[in-house]
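Heads up: the sequence shown runs through residues 3 to 445, numbered per the working numbering.
Just so it is clear, CB atoms sit at the ideal spot from N, CA and C, and this is done for glycine as well.
Heads up: the structure comes next, in structure tokens.
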Amino acid sequence: MRRILIIGMGQIGNFLSKELSKSQEVVVIEKDAELIAKAKETQDVLAIEGNGDDPAVLRQAEIEKADIVLAVTGDDRTNILASFIAHASGVKKIVVEVKDAKYAEYEGVIEDSNISLISSSSIISEKISALISAPFAGRVEFFASGQIELLKLRVDEGVPIINEKLRNFVSSPRNWTFVGLQRDHRITIPRGDTELRPGDFVFALGVPSALEKLKKLFNLKIQKVHSVIIVGAGRVGCEVASALHANGLSVRLIESDHQRARAAAEELVGVMVFEGDGTDLEILKEAGVEKSDYLLALTGYDENNVLSALLAKNLGIDRCTVLYSNPDYVGVLEAIGIDTAISVNMAVANGILNSLHLGGEANISLLYEGAGEILEFDVTEHTKILGVPLSECKIPHGSVIGVCIRDGKPIFPGGDFAAQIGDRLVVFSLPSAVQKVEEILVS
């Protein structure tokens, strides 16, 4: 068990402490008394009130005993200063979240140290680029070095798969499987006799070539995106605009702040910038929303993002994605017609978790504000289910082994499957089962 010090208990720190305290010793530092009180009441952590860049507070937290320090306050300077103190205290691994791109200059200072910078804007930009490549999906994640893809797909009226048992749709050859079902704002593990209803969302795990089969089952419109409207020229909006333009897409950017709009116009060569409010119908029309394929609402204001997306949908745009921070919005956005919603905090938390590689886990992805998880595990001689047929394994209720990568090739396990040394297992799990999953799969 490692000792992990988390500095900052905002939404990102809260997600991380909840997840990591399941299997690690966690200490948290937060200057907000209410957040500290909440952490003490709801989590199995040692909670200390104070500033994360205060040496006295860090000594109180016994920073020198920490194996890992995660600096995730809302202030970049605090995070960086705390990381330098942690480094001087001999901490082996330090992860720092930074929001402002200018702090990338610190990479040259720390490239030979044990400090890792996690850029929230870069993480979100990568997620959006993946969504643009698969605009029919509500979520796209990659596992096993890109060999396996997770798609979140909506079940609409009239699709062939409605009111049919899932066992009737097992692919042959096996190259994908359903691992999760989202219904009425809850995630469960589907069974063979599960029947899908309109309004459900399913999580399909498989190889990218399985798309053709899923396309028929869900009546998916596979239309390549050529033109994108971005609302918001902040760090995320500009980084996404630059990346999409570099990939050959036509990009138009809307920004209400005069200085930001001017800076974006100077910085983003080839991107047309419109100064105006992204919630103004006339500005959206002027930017060409009616003739565009995709709208990305990426301002720092949840309500503005939602309104921009709804107006764009009303004008006839095919797909839209909004960025949000308020966890209360999860589920609501899909219900009102938003195609895809990206949680800023969940995206960053996933990026940080994946940088840690704890206990044999090669990858972790939290879904739907933590209501479901995808985990990767490497099988070693210490793995408890090594060599045991899956039908005889006591896989925890609320979890399923979705796929195994063996010798570089995917295997979708049946009852006679037995794990071998060197396998990589991709597991879908509910939070209630994660600890038991780790007990049988972690070395």
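- Inclusion of leucine 48 and methionine 11 in the CB contact set at 8 Å is not warranted, their separation being larger than that value.
- At the C-beta level, leucine 317 and valine 381 stay beyond 8 Å of one another.
- DSSP places alanine 299 inside the beta strand (DSSP E), whose first and last residues are 296-299.
- Look at glutamine 184 here: in three-state DSSP terms it is strand.
- Residue environment analysis places leucine 283 among the exposed positions, since fewer than 16 neighbouring C-beta atoms fall within 10 angstroms of its C-beta.
- Per DSSP, the beta-bridge partners of proline 391 are Ala420.
- Of the other Cβ atoms in all chains shown, fewer than 16 fall within 10 Å of the Cβ of glutamate 292; this residue is therefore exposed.
- For glycine 424, the number of other beta carbons within 10 angstroms of its own is below 16, and it is reported as exposed.
- Apart from the 5 residues on each side of it in sequence, alanine 263 sits with its Cβ closer than 7 Å to the Cβ of Ala235, Glu257, Val275, Glu277 in its chain, given in chain order.
- Spanning the alpha carbons of alanine 299 and alanine 245 requires a straight line of approximately 16 Å.
- Between alanine 420 and lysine 438, the alpha-carbon positions lie close to 19 Å from each other.
- Asparagine 352 sits close to leucine 368, with the two beta carbons spaced by under 8 Å.
- In the DSSP assignment, no residue is bridged to tyrosine 331.
- Leucine 83 places its beta carbon less than 8 Å from that of aspartate 55.
- Lysine 95 is bridged by DSSP to Ile70.
- Secondary structure note for glycine 15: it is in no beta strand (DSSP E), and the uninterrupted alpha helix (DSSP H) holding it is 13-22.
- Contact between serine 393 and aspartate 409 is absent: CB atoms are separated by about 23 Å, not below the 8 Å threshold.
- In the DSSP assignment, glutamate 305 falls within the alpha helix (DSSP H) that extends over 304-316.
- Assignment of phenylalanine 86 by DSSP, reduced to helix, strand and coil, places it in the helix class.
- Spanning the alpha carbons of leucine 60 and valine 238 requires a straight line of approximately 32 Å.
- Rounded to the nearest whole angstrom, the C-alpha separation of valine 390 and isoleucine 442 is 12 Å.
- The three-state reading of DSSP puts serine 127 in helix, counting H, G and I together.
- Three or more Cβ pairs closer than 8 Å define a contact, and the stretch 159-179 meets that threshold against the stretch 204-222.
- Assignment of valine 324 by DSSP, reduced to helix, strand and coil, places it in the strand class.
- Assignment of glycine 353 by DSSP, reduced to helix, strand and coil, places it in the helix class.
- Spanning the alpha carbons of glycine 52 and valine 346 requires a straight line of approximately 25 Å.
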